[in-house]
Each structure stands twice: as C-alpha cells, then as structure tokens.
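Single-structure report; data block below.
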Amino acid sequence: MHHSLSLLFVTCSEELADGIVHSASECGLHPAYSLVGSAQELSRALAEESWDIILAEPHVAGMPWQQILAAVRRVHEGIPFVLVMPAPDPQAAAQAVHDGADEVLLPADWHTGAALQRLRSQAVLSRRQGARRRSRADDEKEWRALVENTMVGMFRCRPWGELVQVNPAFAAIFGYRSPQELLNAHAGKKGPHVPAAEIKELLPALRNEGLLTEYEMHAARPDGSGVWLSVNARTIRGAAGEISGIEGTVEDIGNRKSVENMIVRAKQEWEKTFDSVPDIIVLLDSDLHIRRCNMALGTLLGRHPRELVGQDSRKTLFDGGTHGPVLDSLPALSRGQSHTEELHLPALGGHFLITFSPLFTGTGSDAEPEGTVLVARDISSRKQLEAQLRQAQKMEAIGTLAGGIAHDFNNILGVMMGYTEMSMDETTEGSAMQRRLDAVLSAGRRARDLIHQILTFSRHEEPSRHPLNLVSPVKETVKLLRASLPANIAIDLRTDTVPPVNANLSQIQQVVMNLCANAAHAMRGPGGNLLLALDSTLLTAEEARPLSVPAGTYVRLRVSDTGHGIDPQILHSIFDPFFTTKKPDEGTGMGLALVHGIITAHGGTVSVSSVPGQGTDFTILLPATDGQNVSEPGGSLRHAGSGIVLVVDDEKALAGVMADMLQSMGYTPRIADSPAQALHMVSRAPQEFALVLTDQTMPDMTGTELAARLHAVRPDLPVILCTGFSEGLTREAARKAGISELLLKPVLRGDLAKALACLEFDCGL
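For what it's worth, the UniProt record's numbering labels the leading residue of the sequence shown as 1, then goes sequentially.
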C-alpha cells in the first residue's frame, strides 16, 4: 500500500494516534506513522527518517510542546508542527499558533476530513519547501566551494573601491594568505596596491558604463613584486538605481603577458633580422603582388617597404627586364619545388641570383600553396669581377703570347737596328741618307720600348728604376709625337729645370705617350692644343695629406688638351681597369689604368680635372730624389778593344750583326750557333777567348746553364748574357749565376760598348 503521508506522533496515547490515523485512512490518505514518548526517541526519529507532519500533545514525558517544537525546528525547520489539544481551549490554541505551532487540532477536528486534508496539503507544501531548501542549501554549498576553490579572484567592493568581500584566489593573487588578511590590511582603502592612476581611470569608467571587460592593469604585492591582472567588473545598483557597490573577477595574466612579450620580442627580432638581411626578401601572393618586403628592396627602390605592399612584382621588380622565369617557375612552386635564376633587373640596377620558394598554408596533405617567397642576392659585383677575370685571362693570354714572341721580335729588331747603326757610320754627316737611317733607328727604338712595355705589363719583366731627369724623356717623346699627331693638333712643350726622380725610363715614356694619345683621341676631328708642362713644386703637409703622399719636393708633369672633356658621371671610373668609352676597334681602355698603376708604383699621384666641352687636365706628381748618376738618354758610346770574343746564338742573322758590331770596335769575333759548339770551342782552347757573348734562350741549353758549364772549364771567363725577357732572371740572379753583364735585346752598339767598357774597367754587375 502506498502511503501518502508520514506522521510522527509525540505522545504516550496510542488511542489518540490511532484515532487520527483512522480518520486519515477514511479520507484516502493512508498515512504511515510512528509514536515516540521521550526526548531520546524524538531525537532518534528525527535523525533517522524524514517526516511530513509532526503531531504532539501539550505535555509528553515531562516535555512541554514548546521544547518538542524547538527540537523539531533544530533538525527540520520547515516541517509542519501540529499541537493536538485533548480539550477545547481556544485561548490556548491561539497562543500556540502565536508561539510557533503551524496548526492546532482540537478534539472536534480529529475526525473531520477538512482538518486532515488541510494537514495533507500543508505536508505536501512542506515537503516541497524542504526540497527547495535542501536544493538551495546544496547549491549554496557548491557555489561557496566554487568561489572558495576557483583560481579566478572574485571581489565585491563599495562604490569608492573599498573591498568588502574577496575569495581566497583574490587574496592569493595579491600575495596574501587569506581573504581576511587582505581585508584587514586594506580596510578603508581603495584596493590592494593598485596605482592611483589606474583607480582614477577604472572607477569613472565603471560608473559611466556600468561594465568593465578584460581591463588590463599592473598592481603591486606586499613583497614588492608586481602582477599583471585582467579585470572584469560591473556595478551593483540599489532599488532607486544608485550604485551601491562593484563586483567582479580578477585573473593573474602574468604568464600570458610573458608569452605576449616573448611573441612581441620575437616579432621585433624577426622584423629586425628581416630588415637587416642584405639580400632582398619579398613575399608574393598567388597573383605575384607584393605582400611584404624587407628594407633591402626599399633601399634599392628609394621607397619605404610599406609603400610597395600590393604592387605587382612583375612591374616593380621585373619591369624593363624579363619576368618570364618568374612565370615559368610557378608550376614547380605549386609542386613544392624551389626555382633559382640569374636575372638582370634594370629596375633594381644590377644582376641578381633569385630563388623562388613556395609558401604554403597548412601542413602535410592539407598544405596548399598561397604564395611565393622571393630571395634575391645582388651579384652585380660578382658578375663584374667575372667579366674582369675573363678580360684578365685574355690579357694574361696576350701576355703569354707576347712573352713567347718577344724573343723573335727582339732578334729581328736586333738585326735591323744593328745594321742600321753600322750603316750610319758609313754615311756623310748631315746627309739625307743619315737622316733616313736615323728615322729607321728611332722607329726601332720605339718598337723595342713597345716590346718592353708589353713584357712589363704581362709581368715577364720587372722594371728597374734609376735616378732620371725627366726633361730629356719628355722632349724625346714629344719629338716622336710630332710626326704621328694630326697637323691640326698643336703641341706646346714647357720645361723648367727639375730635380731627378727615381724612375724607369721606358715606363715614364709610356705614361707620356698614353696621356698624349688620350688627349689626341679627345681632339680628333676639330683638333686643338696639347700642352705638356714640366716643373717642380714643394708640397706642404696640408697639401700632401689629401693626396696620401708625404710632404716634400715633387716633379710635376701636366698634360692638358682642349678636347671634348670627360662626363662628370664617369670621371671617377677612368682609372679603373678595362673601363673605356672607346669602341671595340679603338683600343682596350687600359691606357689610363696603366698610367695610374705606373705612377702609383713610383710613389707618385695622378689626378684629373675636366670640364665637358672645354678639355681635360692630367697632373702627375713624382717624388724628387737626390740620387747620383742620373740617367740621361744619349748617343752611342764609342769603344775600342781587342781580343777574341765568342758569340753564341742560334739565330745566325743576329749572331752575324753582333759579330760585325764587335769587329767595328776592334774585337775578333768567333761565332757558335749552339751552346754545345760553344762549349766544345772553349774546352779545346780555354785561354783563347777574352769573353763570351751569349743569348739566353736557345735550344737544349740556356745561356745561364752555358755560363755555368763554361766556368767549370775556365772560372775567370767573362760572360755577357743577352735576353729578351726572363721571369726570374734579375740582375741579382744573373750575378749569382756568374754573369758579368746583362743586356736586354735588341742590343744596340752603344749598349754593347758600354758593357764592354764596364768589363774593361771592372764595373760590371
């Protein structure tokens, strides 16, 4: 049977309980009930079971009903309490209701359905209210646990900021052991260690808006440490709409701020790295428009990188060049492959090695191309160096070729110039024939100097320097120039008395020839004036410092013309190797580079000034020297001697002319056309020969090797060595090899006479 009521009777009268239960059953209520007759039984029944209605007599076992009510209320505050009076007493009943009884049953009500129904309804209501109370209690307990255990700080404060309630998390965030410790420490204050500026900004915003979300602020803890907070708060308003308080949450975002700061620093470092990389880096979208670029590109284009975002790279980067390789690389990029090209980009002013790499969204199988990363390295300098290297290799090949044929050229010149000199001795002084032969000899000297210059440039010959007065070389060069320059170019030569300089004659002549040839080229067509001025000047320390030379006396040579001048934009490049404005068939452009190299090697300086349309002025400064034995180019030395001289040369024509020169000086020449023959002749009669004149380059044996073999036969035999060039054969090396004199081909009679005279007077190497 289902019991709709549970009744607890506090009475010693079973008759009373049975009567009420019987009446309830007749009404269809079918209650379950129990009787208790003492305080102990009451406490046990209340603790063990839940009851819908408590019914008690005014006095039970010495307990007044008020004591019974108090015991019930301590356990079940909402259970209906019914006082069952054994006799009618309206006044006592009214007082009982006043004192806390929910219902009073008089004897007349025990058997009435109305009383029982009312009690039933009250019991149901009581049960529901009890359930609600229990639910509220449980909810409150859970809420309190949530508030107490959450990691988010919660607070409630007065409108001016004084805290009135906080949870443990709030206290812990601010460095306190408990909420009470925090509240005690800050009673009457506006929050714990929150800067006044923050309070001044935060509270008015709350009052005006009524809500504050994710407000970030920095506060201090009692130990001096700081904490970053995220605050969410709202205002509490009273019935009249006034602000009665503020409540909200506080979250410690220190870790998040640290991560954010790390991200910011990483972003800044990445941007600094991105912009400090000298290579161009560009991020392109799928349409090849610029999404981002670094400072390297902005610097080249003279614009800030932000201004380039969104521009079409095919116009910005590849305009004037070609963007075909860019388009050609797209299929490879879509497959995740990089593509590298060397491109000339006029828009960027140079050659670049460009790598196109795909940029993907997602990873793995979900990766899809969304753009391109372009990295461009400026290789203009490398390309220029490669071009210079190729040109240098060509020049090296030319030098090798020049060294290879110089021997033959010098032999040919030796024959021509030797016989020309001897033919001049047979002509009448001042005759037309003598002038013609002198012109042939001068041309031979120019050819000889030209070969020496080529050999010097190709590093087959290390030029020697001696104290030299520049007046004669400059005059001699001008004399040669007059015959070769057009008639519409006038030459004005001005020379003063100048001190000597330590220089190489051939190189100085080459410098003058190159500068004059450059001037003549600038005045071709209309002609003009060519000025050569030679004087000396004293440079002070202030004047010498910008020229990077020491102070002192310098010989100054000016070569100026009235030609078309030099474009200021290329003026700084005219001394660069291989730089030229000439057409391919007009020269290599090495002339001025050679001038600069020679003068710098001599410890001097060369400077240039030019006005377009008016002309150009080159100024050379060479340090003066107080050296003795100043070299002066002069005529042939007359020398007379005697004795047998062995001439060794595989070139019969050259051996013949050398023999004729020796014979004209009084010597008796003998010719050997090979080193082996010469060695045989000396071995057969060692004391017969006064000296040996030998070529250096011969089949089977060099001149120095022959000298060593001859000295093994006769140690005191003088040997004069003739050479066109020899990389490693310096005068010092020749002296160590036992060579008495070293002559450079082509050998003129004056050179040979001087060498013979030095041998006679023991002034050789």
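Using N, Cα and C, we set each Cβ at its ideal position, and we do this for glycine too.
To which residues does DSSP link residue i through a beta bridge?
i, result
"Leu-8", "Ser-34, Ile-54"
"Met-63", "Val-60"
"Cys-157", "Leu-163, Ile-246"
"Leu-308", "None, per the DSSP bridge assignment."
"Thr-616", "Asp-561, Ser-610"
"Ser-536", "Val-555"
"Pro-623", "Tyr-554"
"Cys-722", "Asp-695, Leu-743"
"Ile-598", "For Ile-598, which the question treats as bridged, DSSP gives no partner whatsoever."
"Ile-489", "Gly-528"
"Ser-338", "Answer is none; Ser-338 lacks a bridge partner."
"His-351", "His-344"
"Ser-548", "Paired residue(s): none; Ser-548 is not in a bridge."
"Val-124", "DSSP, once it has assigned bridges, lists no residue as partnering Val-124."
Run through DSSP, which three-state label would residue i get?
i, result
"Ala-219", "strand"
"Tyr-176", "coil"
"His-186", "coil"
"Cys-758", "helix"
"Arg-285", "This sequence places Asp at residue 285; Arg is not what is there. DSSP places Asp-285 in strand when its eight states are reduced to three."
"Arg-714", "coil"
"Arg-291", "strand"
"Ser-431", "coil"
"Arg-465", "coil"
"Ile-280", "strand"
"Thr-213", "strand"
"Pro-358", "strand"
"Glu-426", "coil"
"Leu-706", "helix"
"Thr-420", "helix"
"Arg-303", "coil"
Taking the continuous alpha helix (DSSP H) assigned at residue i, which residues delimit it?
i, result
"Asp-18", "14-26"
"Thr-363", "Counting along the chain, Thr-363 falls outside any alpha helix (DSSP H), and DSSP gives it neither H nor E."
"Arg-237", "First-last for Arg-237: 226-237, but that is the beta strand (DSSP E), not the alpha helix (DSSP H)."
"Pro-473", "471-484"
"Val-97", "90-98"
"Arg-735", "731-736"
"Phe-274", "254-276"
"Ile-79", "Unbroken run through Ile-79: none, as it is neither H nor E."
"Glu-41", "39-48"
"Leu-505", "505-522"
"Thr-668", "Unbroken run through Thr-668 is the beta strand (DSSP E), 668-672; no alpha helix (DSSP H)."
"Ser-573", "Element bounds for Ser-573: n/a, residue is neither H nor E."
"Thr-316", "313-316"
Need the endpoints of the beta strand (DSSP E) that residue i sits in, please.
i, result
"Pro-369", "368-378"
"Val-692", "691-695"
"Leu-646", "644-648"
"Pro-675", "First-last for Pro-675: 675-684, but that is the alpha helix (DSSP H), not the beta strand (DSSP E)."
"Leu-654", "Looking at the DSSP string, Leu-654 is not in any beta strand (DSSP E); the run it does join, the alpha helix (DSSP H), is 652-664."
"Val-104", "103-105"
In terms of alpha-carbon separation, which member of the options lies closest to residue i?
i, options, result
"Pro-623", "Gly-603, Asp-617, Phe-155, Ser-607", "Gly-603"
"Cys-516", "Leu-538, Glu-543, Val-231, Leu-480", "Leu-480"
"Gly-666", "Trp-51, Leu-301, Val-645", "Val-645"
"Asp-751", "Ala-71, Leu-729, Met-661", "Met-661"
"Val-72", "Arg-234, Arg-731, Ile-54", "Ile-54"
"Ala-17", "Pro-86, His-596, Pro-64, Gly-28", "Pro-86"
"Val-595", "Asp-649, Cys-293, Gln-510, Thr-299", "Gln-510"
"Cys-157", "Leu-317, Leu-83, Val-250", "Val-250"
"Glu-209", "Gln-40, Gln-180, Leu-706, Ile-243", "Ile-243"
"Val-375", "Glu-386, Ser-381, Pro-358", "Pro-358"
"Val-611", "Leu-571, Val-648, Ile-599, Leu-29", "Leu-571"
"Ser-381", "His-351, Gly-371, Gly-362", "His-351"
"Glu-198", "Glu-140, Arg-234, Gly-161", "Gly-161"
"Ile-236", "Ser-431, Gly-78, Leu-211, Thr-553", "Leu-211"
"Glu-705", "Ala-490, Asn-469, Ala-676", "Ala-676"
"Glu-68", "Ala-92, Ile-290, Phe-174, Gly-100", "Rather than Glu, the amino acid found at residue 68 in this sequence is Ile. Per the Cα distances, Gly-100."
My understanding is that residue i touches residue j, with C-beta atoms under 8 Å, so please give their C-beta distance in whole angstroms.
i, j, result
"Gly-418", "Arg-749", "7 Å"
"Ala-47", "Leu-8", "Their Cβ separation, rounded to whole angstroms, is 12 Å, which puts Ala-47 and Leu-8 out of contact at 8 Å."
"Gly-563", "Met-523", "4 Å"
"residue 766", "Leu-203", "There is simply no residue 766 to check, as the chain begins at 1 and stops at 765 in what is shown."
"Ile-619", "Arg-714", "Here residue 619 is Thr; the residue named in the question, Ile, does not match the sequence. That belief does not hold up - the Cβ atoms of Thr-619 and Arg-714 are roughly 56 Å apart, past 8 Å."
"Pro-746", "Gly-414", "4 Å"
"Glu-216", "Leu-229", "7 Å"
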